[in-house]
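Engineer:
Numbering (the numbering used here), first residue to last: 104 to 359.
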């Protein structure tokens, strides 16, 4: 993780380019701590979540996740780290902006969407890829995604694990801004200038009201996803799905 504070904007960047910004529990805890600390830091007006040009975040690191099924406590703790991060983003009293470039997949989707504004490039895509490896969405995805796009589109994304382009994500209400090629930095600068120069108390109360109205089921989502995912991580289908992912082949699921 890398952080930078400039002109009231705290940028918290996922920094695992060698793993396409796939996350471990340790990194998610670091991100949650940084966002939590910003809540009481008077120097911070806006928090920015970022990745790099290739990927914002491609989900949990499957090299780590492949061993989780052998230990329910470890699996639960890893899911708890993701939930804590998403909750920190939603509950932050400061405006939180995601700069999503490249791939946004797996638990990276609810992490990105937990922010108040989500800015994308044209090449950005979103994928709830969990079912491809025999898992279910977690990190609050069942609440956060449905709050943005509605039940039908959320189920399509979750069950079929289809890629959603930036243009389609904007049309569906999943993201707030999409910049044409070469215009991403200028668009981000304009949005951040509006936020840093705006009425901070009004911003805080506005996001609290909207989140209360649309994400009241987030804690229940955390609970149900955790219970379901711990069981799936211990199942044969996840072992087969993760092996197929690493070996670049089609998995042969057996519903066990």
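For glycine and all other residues, C-beta sits at the position ideal for the given N, C-alpha and C.
Figure out for me which residue from 225, 151, 305, 138 has the closest Cα to the Cα of residue 268.
Structural biologist: Answer by Cα proximity: 225.
Engineer: My assumption, with CB atoms under 8 Å, is that residue 185 sits in contact with residue 131. Please give the rounded CB distance.
Structural biologist: About 6 Å; that satisfies the 8 Å criterion.
Engineer: Using the three-state DSSP reduction, which class does residue 229 fall into: helix, strand or coil?
Structural biologist: Reduced to three states, the DSSP call for residue 229 is strand.
Engineer: Return the chain-ordered list of same chain residues with a C-beta closer than 7 Å to the C-beta of residue 307, the five sequence neighbours on each side being excluded.
Structural biologist: Closer than 7 Å at the Cβ level, and outside the excluded window around residue 307, lie 196.
Engineer: Under the three-state reduction of DSSP, which class applies to residue 206: helix, strand or coil?
Structural biologist: Looking at residue 206 - three-state DSSP - the assignment turns out to be strand.
Engineer: Along the chain, where does the beta strand (DSSP E) that runs through residue 105 open and close?
Structural biologist: Note, residue 105: beta strand (DSSP E), 105 to 109.
Engineer: Could you tell me which residues DSSP puts in a beta bridge with residue 224?
Structural biologist: For residue 224, which the question treats as bridged, DSSP gives the partners 282.
Engineer: How would you label residue 332, buried or exposed, when you count the other beta carbons within 10 angstroms and need 16 or more for buried?
Structural biologist: Answer is buried; the Cβ neighbour count reaches 16.
Engineer: When burial is assigned at 16 or more other CB atoms within 10 Å of the CB, is residue 154 buried or exposed?
Structural biologist: Flag for residue 154 reads buried.
Engineer: Please state if the CB of residue 160 and the CB of residue 221 are separated by a distance shorter than 8 Å.
Structural biologist: Going by C-beta atoms, residue 221 is not nearer than 8 Å to residue 160.
Engineer: With a threshold of 16 other CB atoms inside 10 Å of the CB of residue 286, please say whether the residue is buried or exposed.
Structural biologist: So residue 286 ends up on the exposed side.
Engineer: Report yes if the CB atom of residue 150 is closer than 8 Å to the CB atom of residue 199, and no otherwise.
Structural biologist: For residue 150 and residue 199, yes; Cβs fall inside 8 Å.
Engineer: Considering only the alpha carbon of each residue, which of 122, 116, 181, 178 lies closest to residue 152?
Structural biologist: Among 122, 116, 181, 178, the Cα nearest to that of residue 152 is on 116.
Engineer: Spell out a yes or no on whether the stretch 243 to 250 and the stretch 280 to 296 are touching, meaning 3 or more CB-CB pairs, one atom from each, closer than 8 Å.
Structural biologist: Flag = no, the stretch 243 to 250 and the stretch 280 to 296 do not touch.
Engineer: Can you look up residue 356 in the DSSP assignment and give me helix, strand or coil?
Structural biologist: Note: residue 356 maps to coil in three-state DSSP.
Engineer: Taking the alpha-carbon positions, what's the residue 334 to residue 136 distance?
Structural biologist: Residue 334 and residue 136: Cα-Cα distance of roughly 28 Å.
Engineer: When you compare each of 142, 134, 106, 183 to residue 303 by their alpha carbons, which one comes out closest?
Structural biologist: It is 142 whose Cα lies nearest to the Cα of residue 303.
Engineer: Report yes if the C-beta distance between residue 203 and residue 227 is below 8 Å; otherwise report no.
Structural biologist: Yes, the Cβ-Cβ distance between residue 203 and residue 227 is below 8 Å.
Engineer: In the DSSP output, which residue or residues are listed as bridge partners for residue 113?
Structural biologist: Note: residue 113 sits in a beta bridge opposite 108, 150.
Engineer: Just grab the DSSP bridge partners of residue 296 for me.
Structural biologist: Beta-bridge pairing links residue 296 to no other residue.
Engineer: Is the beta carbon of residue 294 within less than 7 Å of some heavy atom of the ligand ATP?
Structural biologist: Absence of the ligand ATP is noted for the structure shown, with no ligands found whatsoever.
Engineer: Can you give me the C-alpha to C-alpha distance between residue 348 and residue 325, rounded to a whole angstrom?
Structural biologist: C-alpha separation (whole angstroms): 26 Å.
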